[in-house]
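Down below is the structure, laid out as structure tokens.
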Amino acid sequence: MLEGTVLFYSGKRYLILGASAGAVLLGSYAYYASDTTPSGGTVGGLIYGAIGLAAIFALMFLGIRKRSYASHLGTVRGWVSAHIYLGLLTLLIIPMHAGFHFGWDVHTLAFALLVVVVLSGLGGLSLYLALPPLLTKYESGMLPDKIQSELNRIVGEMKPLAAGKTGLFQRLHFEESRRAYEPKPQGWRLLFTRPNTSSALTVRTQELNRILPQIPASQQEDFSRFSALLLQKIEMESYLTGQMRLKNALQAWLYVHVPVSIAMLAAVAVHLLVVLYY
Amino acid sequence: MIYDLLVVGGGPSGLSAAAHAAKCGLSTLVLEQGEVANTIFNFQKKKHVMSEPGMIPLRSDLQFEAGTREVILQAWHDAVQKYQVQINRPEAVKQITKKDGLFEVQSDKGAYQAKHVVLAIGIQGNPNRVGKPGEDLPHVSYKMADPTIYLDKDILMIGAGDAAIEGVLALCDKNRVSVLNRNNEFFRLKDALDRQINEKVKAKQVVAYHSAAVERFEPGYTYITLPDRVAKVKTDLVFVRIGASLPRPFLEKCGVTFASKERSALPTINEHYESQVTGLYVIGAVAGYNLIKQGMNQGYEVVEHILGHEIKPVDEPMLTEKLNFLQGSLDERLVQIAATIPLLAPVQKQPLRELILQATLHQMRGAQTVYQEDDFSDSLFLILDGKVAASFRAQLPGERPILLYQGSFFGEMSLLSGRRRSATITTVGPSVLIEIPRKAMLRLMANEPAVKRIVDETFVVRALKTNLLKDLEDDLAQELAHKANIKSFKKDDVIVKQGEVGDAFYLIRSGSVKITKREGEKETVVKYLPAGQYFGEMALLDTEDPTRKATITATKQTEVIQLMKEDFWALLHRHPEFEQHLRENVQRTRIQSQAFELMQTGSMSYVNKMLQEGVFDGTDVLLIDENKCVRCDNCVKACETTHGGQTRLYREEGLLFGNFLVPTSCRHCENPLCLIDCPPGDAIQRDPKGEVFITEAKCIGCGNCASNCPYGNIFMLHPKPKETRKPWMRILSLVGAGPPEPKAEDLPTKAVKCDLCRNDSAGPACVRSCPTGAAMRVTPEEYFVKIGAVGR
Ligand SMILES: Cc1cc2nc3c(=O)[nH]c(=O)nc-3n(C[C@H](O)[C@H](O)[C@H](O)COP(=O)(O)OP(=O)(O)OC[C@H]3O[C@@H](n4cnc5c(N)ncnc54)[C@H](O)[C@@H]3O)c2cc1C
Ligand code: HEM
Ligand code: SF4
Ligand code: SF4
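Listed in order, the protein sequences are those of chains A and B. Sequential numbering from 148 applies to the first sequence in the working numbering. Sequential numbering from 2 applies to the second sequence in the working numbering.
Here it is in structure tokens:
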């Protein structure tokens with residue numbers, strides 16, 4: 148099922164590389180721990196530290212590579228694949244560097260941040276694997292730009308129906324057209340606003356049914372056509388929001404992953420300053 | 002009075018002729034049915050007119066340099082004044098006859114007599130027709146002289162090119178206008194028009210019917226076929242603006258002859274642009290020369306010829322230089338070529354000049370490669386001297402390459418089918434080769450039936466040998482080629498129908514077909530066959546049940562070589578081993594197609610839709626696997642960044658097939674329709690690797706390629722202006738001083754499309770920038786065979 152995903156880039160190349168690197172690391176640590184008491188200050192500890200630092204830089208470099216569109220340095224897909232395994236390895240390298248000693252200090256803070264980054268990375272990866280197929284189902288038949296033009300069409304068709312009708316009718320139309328042009332919830336807000344297609348539809352249907360008797364008989368026919376359009380519009384809108392939600396989720400995790408990784412880098416810098424100067 | 006020269010049509014070609022004649026003292030009259038230089042006059046205001054081809058000098062008493070429409074028209078008006086050219090306008094010529102050495106020219110206003118007549122009527126006056134019932138009704142019209150005279154009418158505009166939309170915009174303020182577009186959106190419009198029409202559509206001032214076609218016209222109503230229904234639209238008036246073509250019936254009425262019945266055939270003229278009727282000249286667009294400068298030069302040369310001056314055509318020095326390795330006058334050199342190469346023997350002098358002008362001469366010293374197997378070039382090569390060897394990758398070790406000698410030609414396979422080269426060609430010792438571009442060759446074939454026949458027969462002989470039977474004897478191959486029919490089919494035409502008795506065998510020469518089987522209600526696509534493959538053998542081999550077991554339909558414009566049953570059997574009798582081979586294949590295909598039918602559950606049915614939408618026409622298609630795509634738009638950003646800030650990839654606009662998205666981005670078609678009609682000839686072209694690309698400097702912004710691309714993958718855009726201001730000037734502009742920011746709208750629009758990042762050795766940036774591997778560039782044929790969706 149994961150065949151052909153980022154995890155298995157170029158015939159599982161980085162999976163194999165990552166796993167063997169892990170094995171080598173574990174072996175070397177066993178050897179190192181057998182004759183020294185592991186800590187960050189020993190020669191071995193320093194070597195692990197240097198490897199860890201290099202790894203972190205390599206991981207951070209993905210952000211730059213991803214935006215160097217003309218770069219010939221591998222493909223972004225290859226980079227992401229390597230990034231994932233290397234990122235996981237840091238959870239091994241850094242504790243080895245520290246000799247698995249933790250405390251309440253800036254050093255452990257840096258590590259804690261690293262753990263957050265890695266966890267968010269894992270979370271993001273699962274989103275990357277799980278959401279696109281859902282989104283595909285959601286989009287099948289209608290891509291966002293089609294929905295948008297469809298919405299415009301509906302709003303356009305509503306206009307002549309409402310023109311010259313009673314106040315209630317007019318107000319309904321006014322509200323709908325205002326809603327059509329008001330900015331859609333975006334960014335973080337989308338994650339927390341829960342569009343509920345079916346309930347929105349039922350609520351509106353009930354509302355329209357309630358209004359219907361108040362509409363003069365001569366306008367009833369137009370009103371029911373208007374209502375049909377309105378419900379169609381609501382369905383489209385919730386469709387669109389549904390798509391947007393999934394799309395946002397695909398990006399939202401990066402707002403944890405990247406800022407925390409930068410914070411982590413800062414903590415690492417402090418950590419270096421502290422141990423090298425004092 | 003009897004005029005020395007009567008010019009029909011006051012376009013650039015006609016004016017150039019008239020001005021020169023007037024200057025030289027000939028009594029001259031121009032009859033023009035519209036404005037002076039009507040075609041140019043109708044260009045969009047401020048249009049930047051280009052003066053291609055740059056290498057040919059201008060020979061005219063009128064000025065012409067690249068510049069805006071206004072400047073150019075003004076210069077011509079001035080020249081008309083200066084030489085006192087008499088122009089009768091508006092006056093349309095209806096008939097030209099020759100009696101006793103004098104021409105009688107009949108117009109809608111009167112009759113004139115002249116010693117010589119120049120026909121320079123262009124093609125814009127002969128608009129393409131809809132070809133649907135009712136189009137001759139009085140309310141259906143191809144011309145709209147003045148849009149301001151219509152008021153409060155229901156008007157339908159057929160066509161969605163620039164000219165049509167300009168018309169719509171002019172009409173829509175005072176009328177209820179709808180527009181019929183055969184594509185699914187307005188995509189080939191100039192920016193400003195696009196913006197305006199979309200605003201009008203949004204504001205409900207104009208109704209747009211996309212993906213639509215006319216079904217029929219009736220007084221007061223038009224029936225329109227839409228994807229999901231037929232609509233009856235109220236129409237008081239219909240205007241049609243869907244391009245133009247050669248006014249052949251009018252020309253024939255005037256005595257001008259054509260070399261063949263082909264639609265693309267051109268008037269027969271000699272090297273002085275004189276038709277079969279002595280004294281009647283045909284120049285400019287109507288003679289097949291699509292650029293202003295060419296027409297102007299011809300106008301000048303015709304007058305020189307009438308005056309009896311020996312004038313060499315402008316291109317004479319270029320041609321002589323091109324043939325510098327031959328001896329004698331240019332004419333003698335041309336004769337020498339025609340005598341060496343039998344294919345060119347039937348070609349007249351003027352077409353031969355044209356051909357050589359467009360050809361490239363290759364003087365090869367030793368063993369050099371001409372092209373490689375699988376290259377995407379499609380020109381034809383003539384061997385003027387020396388010999389070449391053809392070798393194939395699939396060749397057995399020790400097998401001898403095939404040798405071709407002086408006088409023969411090669412490359413006709415790719416020329417006709419548009420597919421990759423089927424062999425590697427290397428010269429053997431010093432050789433001289435003439436390479437003729439595809440466009441020039443197709444033009445020649447349309448005009449010289451004899452040439453077409455030779456190329457076709459050679460094609461069949463070689464196709465039989467490469468695709469069916471390597472050991473086929475030459476005499477038998479020739480005989481079969483002579484008997485074979487070449488048949489063409491349009492998209493969706495049925496070639497073979499399930500249940501009918503089979504009587505022929507087919508080899509696909511260009512295009513492709515799909516094989517479908519019907520069982521009860523259900524029709525499933527069993528297979529897709531590209532050019533080079535054959536079909537129809539099953540029913541012929543099966544003597545007990547000779548009915549067709551499947552239906553075969555063209556999936557695009559397709560040509561097949563048809564061998565009738567007797568000829569097919571003649572072949573099998575001579576080659577029982579081939580019959581054996583075919584029978585074995587039939588067995589294998591049966592098993593395979595059964596397996597495929599089983600596999601064809603819902604998820605695979607998208608292949609059929611892809612065929613319909615022409616995805617398989619592409620050789621290099623951007624596919625996005627939506628199940629992997631995280632919608633990050635990094636691909637679009639990559640395209641934008643690597644192409645001067647203008648993306649050529651629109652990820653969210655495209656066609657969705659199952660989980661595969663084919664976004665709006667060039668497919669690099671096997672037969673790129675966009676190449677058909679480019680006035681400079683090579684502003685848009687295809688390189689040997691199959692990439693279709695545009696050279697911005699050569700593009701004149703006419704929009705032909707964009708309207709010819711059936712998939713809307715070429716965009717007409719204003720190029721991003723270069724920042725010419727110094728940094729300090731830019732700072733000044735922040736406070737409202739200093740020179741203004743260069744505006745994109747000031748530059749002429751150019752055609753822009755995906756070039757597969759051809760200048761980057763590492764390949765397309767979109768694919769390299771996709772973090773998940775969702776975006777890929779594939780040859781659909783190969784890719785879907787690989788994932789098991791189609792195949793033989
Ligand atoms: C949108 C567009 C952009 C183009 N851009 C360029 C460019 O940038 N550079 C370039 O070199 N070329 C360009 N071309 C091509 C160029 O316009 C033509 O090659 C050129 O106009 C041909 O000149 P002509 O004199 O042969 O014909 P035309 O210019 O078409 O002139 C023919 C004249 O004959 C008149 N006429 C027709 N029938 C009759 C009749 N029966 N009686 C009397 N008069 C008649 C017409 O009204 C017209 O005025 C462009 C073409 C188009 C459509
Ligand atoms: C120390 C550890 C890590 C660091 C410093 C780090 C840093 C980064 C950075 C800087 C980016 C660039 C984001 C952008 O520019 O858009 C990124 C992206 C990403 N990271 Fe990490 N990361 C780490 C670990 C991980 C791990 C363990 C995983 C997965 C298991 C992971 C998965 C990803 C993924 C999937 C992306 C997104 C790629 C994309 O779509 O652009 N990361 N990371
Ligand atoms: S521009 Fe259009 S017609 Fe030309 S190769 Fe690309 S997809 Fe095909
Ligand atoms: S770069 Fe890849 S994942 Fe991102 S939008 Fe494009 S195809 Fe989808």
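Using N, Cα and C, we set each Cβ at its ideal position, and we do this for glycine too.
What is the DSSP secondary structure of residue i, counted as helix, strand or coil?
| i | result |
| --- | --- |
| methionine 145 (chain B) | coil |
| alanine 20 (chain B) | helix |
| alanine 204 (chain B) | coil |
| threonine 237 (chain A) | helix |
| threonine 321 (chain B) | helix |
| lysine 754 (chain B) | coil |
| threonine 69 (chain B) | strand |
| methionine 243 (chain A) | helix |
Ligand 1 heavy atoms versus the CB of residue i: any closer than 8 angstroms?
| i | result |
| --- | --- |
| glutamine 64 (chain B) | no |
| tyrosine 290 (chain B) | yes |
| glutamate 167 (chain B) | no |
| leucine 32 (chain B) | yes |
| isoleucine 122 (chain B) | yes |
| histidine 49 (chain B) | yes |
| glycine 682 (chain B) | no |
| proline 13 (chain B) | yes |
| phenylalanine 104 (chain B) | no |
| proline 795 (chain B) | Because chain B in this structure spans residues 2 to 793, residue 795 (chain B) falls outside the shown range and cannot be described. |
| lysine 294 (chain B) | yes |
Pull up the distance between the alpha-carbon of residue i and that of residue j, whole angstroms please.
| i | j | result |
| --- | --- | --- |
| lysine 388 (chain B) | isoleucine 455 (chain B) | 20 angstroms |
| glutamine 96 (chain B) | leucine 247 (chain B) | 16 angstroms |
| tyrosine 113 (chain B) | leucine 7 (chain B) | 8 angstroms |
| tyrosine 151 (chain B) | leucine 194 (chain B) | 21 angstroms |
| threonine 517 (chain B) | threonine 554 (chain B) | 8 angstroms |
| valine 265 (chain A) | arginine 214 (chain A) | 21 angstroms |
| leucine 324 (chain B) | leucine 292 (chain B) | 25 angstroms |
| phenylalanine 204 (chain A) | glutamate 297 (chain A) | 47 angstroms |
| threonine 556 (chain B) | aspartate 163 (chain B) | 30 angstroms |
| histidine 582 (chain B) | lysine 466 (chain B) | 15 angstroms |
| asparagine 199 (chain B) | glutamine 317 (chain A) | 27 angstroms |
| leucine 759 (chain B) | glycine 10 (chain B) | Reading the sequence as shown, one finds arginine at residue 759 (chain B) and not leucine. Taking the straight line from one Cα to the other gives about 44 angstroms. |
| threonine 780 (chain B) | glycine 655 (chain B) | 18 angstroms |
| alanine 447 (chain B) | glutamine 349 (chain B) | 14 angstroms |
| tryptophan 77 (chain B) | glycine 123 (chain B) | 17 angstroms |
| leucine 397 (chain A) | glycine 303 (chain A) | 33 angstroms |
| phenylalanine 104 (chain B) | alanine 505 (chain B) | 53 angstroms |
Under 7 angstroms Cβ-Cβ, which residues of chain D neighbour residue i?
| i | result |
| --- | --- |
| histidine 219 (chain A) | Note that chain D does not occur in the displayed structure, where the protein chains are A and B. |
Between residue i and the rest of its own chain, which residues show a CB-CB distance below 8 angstroms, the 5 nearest in sequence each way excluded?
| i | result |
| --- | --- |
| serine 61 (chain B) | Ser17, Ala20, His21, Met297, Asn298, Gly300 and Tyr301 |
Compute the beta-carbon to beta-carbon distance between residue i and residue j, rounded to the nearest angstrom, for a pair I have assumed lies under 8 angstroms.
| i | j | result |
| --- | --- | --- |
| leucine 430 (chain A) | alanine 414 (chain A) | Lying before the first or after the last residue shown, residue 430 (chain A) is absent from chain A, which here runs from 148 to 425. |
| isoleucine 437 (chain B) | leucine 362 (chain B) | With a Cβ gap of about 11 angstroms, isoleucine 437 (chain B) and leucine 362 (chain B) do not count as contacting. |
Ignore the nearest five residues each way along the sequence and tell me which others in residue i's own chain have a CB closer than 6 angstroms to its CB.
| i | result |
| --- | --- |
| phenylalanine 42 (chain B) | Glu36 |
| proline 134 (chain B) | Arg217 |
| phenylalanine 661 (chain B) | Leu624 |
Skipping 5 residues on each side, what residues in its chain have a beta carbon closer than 7 angstroms to that of residue i?
| i | result |
| --- | --- |
| glutamine 197 (chain B) | Leu170 |
| histidine 404 (chain A) | Val264, Ser267, Gly268 and Gly271 |
| glycine 691 (chain B) | Phe377, Thr620, Asp621 and His669 |
| glycine 199 (chain A) | Thr237, Ile240, Ile241 and His244 |
| alanine 368 (chain B) | Thr427, Thr428 and Val429 |
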